[in-house]
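Scroll down for the structure; my scribbles are underneath it.
Chains as they are written, first to last, in our numbering: chain A, 7 to 320; chain B, 7 to 320.
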């Protein structure tokens with residue numbers, strides 16, 4: 007314990023800054039091309055969480071001066087129908103970015119997402135999931151990079167937290183967060199350790215970090231014992247908790263989040279335990295930390311893809 | 007010091023085992039296809055080290071029952087001439103693997119290698135340098151992976167050194183060794199730290215490793231102080247040393263390598279100091295450690311590419 011509560015890294019404010027910074031570039035693109043940079047979002051089925059995410063993306067894009075079009079397919083769509091929509095968007099000159107909302111309906115099979123992501127033109131792959139973009143990220147070449155990892159680095163930069171020379175520990179090795187964020191931090195000259203479920207002495211390894219990124223998907227997993235006093239802790243987890251016992255174990259009596267839970271029957275909890283705020287030097291809240299950055303970087307990627315395609319740089 | 011000299015991991019013996027294991031698959035391919043798996047090597051110019059490397063690759067391929075053809079271009083070749091050879095090999099149905107020997111002549115410009123590597127059909131990219139293969143490696147999907155990193159993992163496996171759960175520290179973050187070996191070790195469930203020139207307390211971080219991979223290109227850089235007693239140390243460095251003072255500082259009086267140097271005027275020295283043999287539990291010699299594995303994995307990749315193309319699996 008360092009006696010002072012951690013500085014909260016306000017993802018909403020930073021995301022607003024980013025969107026403001028994009029504005030003149032978006033206007034310049036629109037003036038030069040006679041149209042706004044355009045994002046095509048493909049939504050298959052009616053998953054309630056996906057509906058919310060997609061609505062937020064559409065709203066945020068519109069507010070920032072991008073065009074965003076939603077292409078809906080029914081829950082019963084066949085894989086070739088999804089692929090046909092993607093190929094149509096690949097071919098359209100007035101579409102700059104393509105996002106296929108995950109997850110696809112389970113009926114499409116376990117391989118469907120990879121097949122669909124692979125089908126997206128890498129130059130329009132604003133999620134950065136295409137292997138060519140992932141490979142170019144590794145090789146430190148210009149590429150479209152996954153939005154959440156980009157958002158983590160932007161949040162650190164705009165919060166004045168030094169990455170170069172820092173000891174960064176990333177917990178979780180997913181393709182969407184853990185591995186790309188490790189690569190981005192490495193390229194910014196951090197010394198990076200990737201941890202996971204098979205890591206021995208996970209607590210000890212995490213406690214060596216100057217910057218600790220938690221991306222495991224387990225509510226409140228990272229307790230104060232994982233955190234070196236003064237470290238920066240980035241909480242990428244967004245876990246919906248509906249178990250009252252778990253909420254009571256995580257949040258002390260009288261905590262505001264307990265009241266939220268009583269009212270709504272569920273709350274979003276990060277991968278980081280609230281007690282970490284008493285140890286860390288800086289901490290992202292959930293919600294309101296990394297989440298808003300992810301959408302801001304989606305807009306940034308769409309603009310970047312639009313600029314690159316129209317300048318013919320790639 | 008643990009009092010016992012490190013077990014030497016014999017790369018020559020392990021490479022021989024690998025080649026023996028490939029033999030029945032090579033024979034089966036030849037029987038099914040009516041031809042041997044075939045590797046095309048492109049050599050531009052007459053760099054003396056490249057000449058030796060290429061000769062070794064041709065010899066090793068031939069001895070293993072692969073066909074290997076050398077395509078030479080003069081030092082003065084233009085980039086489009088190099089690309090034309092690559093494209094011809096891409097198109098040939100009887101060519102399974104393509105290797106363009108690095109470095110290309112400096113006159114071709116700093117971007118030439120990447121342009122040429124990008125032009126290789128990813129299915130024939132036996133060096134694993136194409137961004138699509140790098141991306142698929144990150145995503146843990148079937149791909150052709152760089153030979154030296156593959157060789158490191160084979161050497162560990164065939165020497166009975168456990169990777170899962172081990173703390174692995176990789177020093178050096180090159181595209182050819184550091185980053186891919188980190189990814190391979192991660193996928194084998196090691197906890198992986200990537201270090202580099204900006205790492206603070208490099209010695210301390212290295213000394214936490216169960217498996218330490220040195221791939222920095224600085225002769226004898228990793229001294230005993232970097233090594234936890236009993237750790238496994240993999241020396242990827244192959245540095246030609248011509249400075250007599252340096253040789254004297256690295257090797258104690260009467261050391262066999264000093265005599266080699268007196269005789270030849272230069273010797274190959276790894277990134278690991280010879281004193282590490284008194285601390286490490288296991289250690290790869292230089293030469294005779296990782297080097298022979300690199301060629302063995304080139305043969306393995308050629309066979310893999312041949313099998314995949316002919317089964318149409320990718």
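Just so it is clear, CB atoms sit at the ideal spot from N, CA and C, and this is done for glycine as well.
| said: Check for me: the beta strand (DSSP E) holding residue 197(B) runs from which residue to which? | reply: 197 to 201
| task | Look at the Cβ atom of residue 72(B), then the Cβ atom of residue 300(B), and state whether they are nearer than 8 Å. | result | no
| Residue-chain proximity (residue 254(B), chain A), Cβ-Cβ < 8 Å | no
| message | Count Cβ pairs between the stretch 159 to 168 of chain A and the stretch 13 to 23 of chain A that sit closer than 8 Å; are there 3 or more? | response | yes
| Under a three-way DSSP split, which group does residue 129(B) fall into? | helix
| request: Compute the Euclidean distance between the alpha carbons of residue 12(B) and residue 104(A), then round it to the nearest angstrom. | output: 54 Å
| residue 87(B) at chain A interface by Cβ criterion, 8 Å | no
| DSSP on residue 241(B), reduced to helix/strand/coil? | strand
| message | Measuring straight from C-alpha to C-alpha, what distance separates residue 193(A) and residue 144(B)? | response | 16 Å
| said: Please give the ranges of any alpha helix (DSSP H) in the stretch 135 to 223 of chain B, keeping only runs that are unbroken, at least 4 residues long and fully inside the region. | reply: 137 to 144, 153 to 164, 184 to 193 and 208 to 212
| By Cβ distance, which residues of its chain are closer than 6 Å to residue 212(B), with the 5 residues on each side in sequence left out? | 175, 218 and 232
| task | Using the Cα positions of residue 99(B) and residue 31(B), report the straight-line distance between them to the nearest angstrom. | result | 19 Å
| Is there contact between the stretch 274 to 292 of chain B and the stretch 232 to 246 of chain B, where contact requires at least three CB pairs shorter than 8 Å? | yes
| field | Chain-ordered residues of the stretch 133 to 153 of chain A with a beta carbon less than 9 Å from chain B | value | 135, 136, 137, 138, 139, 140, 141, 142, 143, 144, 145, 146, 147 and 149
| Cross-chain neighbours of residue 181(A) in chain B, by beta carbon under 9 Å | 144, 145 and 146
| field | For residue 305(B), the first and last residue of its enclosing alpha helix (DSSP H) | value | 296 to 317
| query | Nearest CA to the CA of residue 314(A): which residue from 29(A), 14(A) and 35(A)? | reply | 35(A)
| Of all the CB atoms in chain A, is at least one closer than 8 Å to the CB of residue 218(B)? | no
| request: Please name the residue or residues paired with residue 74(A) in a DSSP beta bridge. | output: 45(A)
| task | Express the C-alpha separation of residue 210(A) and residue 305(A) in angstroms, rounding to a whole number. | result | 37 Å
| message | Please identify the residue among 132(B), 107(B), 106(B) and 85(B) whose C-alpha is closest to the C-alpha of residue 117(B). | response | 85(B)
| query | According to a CB-to-CB cut-off of less than 9 Å, which residues of the stretch 196 to 207 of chain A neighbour chain B? | reply | 196, 197, 198, 199, 200, 201, 202, 203, 204, 205, 206 and 207
| field | Contacts that residue 170(A) makes with chain B (C-beta to C-beta distance below 9 Å) | value | 204
| query | chain B beta carbons: is any one of them nearer than 8 Å to that of residue 130(A)? | reply | no
| said: Assuming residue 48(A) and residue 77(A) are in contact, meaning their beta carbons sit under 8 Å apart, how far apart are those beta carbons, in whole angstroms? | reply: 5 Å
| query | So who's on the other strand from residue 228(A), going by DSSP bridges? | reply | 278(A)
| Run through DSSP, which three-state label would residue 247(B) get? | strand
| query | Between which two residues does the beta strand (DSSP E) containing residue 85(B) stretch? | reply | From DSSP, residue 85(B) is part of no beta strand (DSSP E) but of the alpha helix (DSSP H) over 85 to 97.
| query | Does the distance from the C-beta atom of residue 4(B) to that of residue 202(B) stay below 8 Å? | reply | Residue 4(B) lies beyond the stretch modelled for chain B, which goes from 7 to 320, so this question has no answer here.
| message | Which residue marks the beginning of the beta strand (DSSP E) containing residue 103(A), and which one marks its end? | response | 103 to 106
| For residue 37(A) and residue 195(B), the rounded distance between their alpha carbons | 51 Å
| task | Check whether the Cβ atoms of residue 303(B) and residue 156(B) lie closer than 8 Å to each other. | result | yes
| request: Indicate, with yes or no, if the ligand FAD has a heavy atom lying under 7 Å from the CB of residue 119(B). | output: The ligand content of the structure shown is nil, which means the ligand FAD is not present either.
| query | Per DSSP, which one or two residues make a beta bridge with residue 288(A)? | reply | 13(A) and 238(A)
| message | Looking only at its chain, what residues have a beta carbon closer than 8 Å to the beta carbon of residue 241(A), apart from the 5 residues adjacent to it on each side? | response | 220, 228, 276, 277, 278, 289, 290, 291, 292, 295 and 296
| task | Helix, strand or coil for residue 110(A), going by three-state DSSP, please let me know. | result | coil
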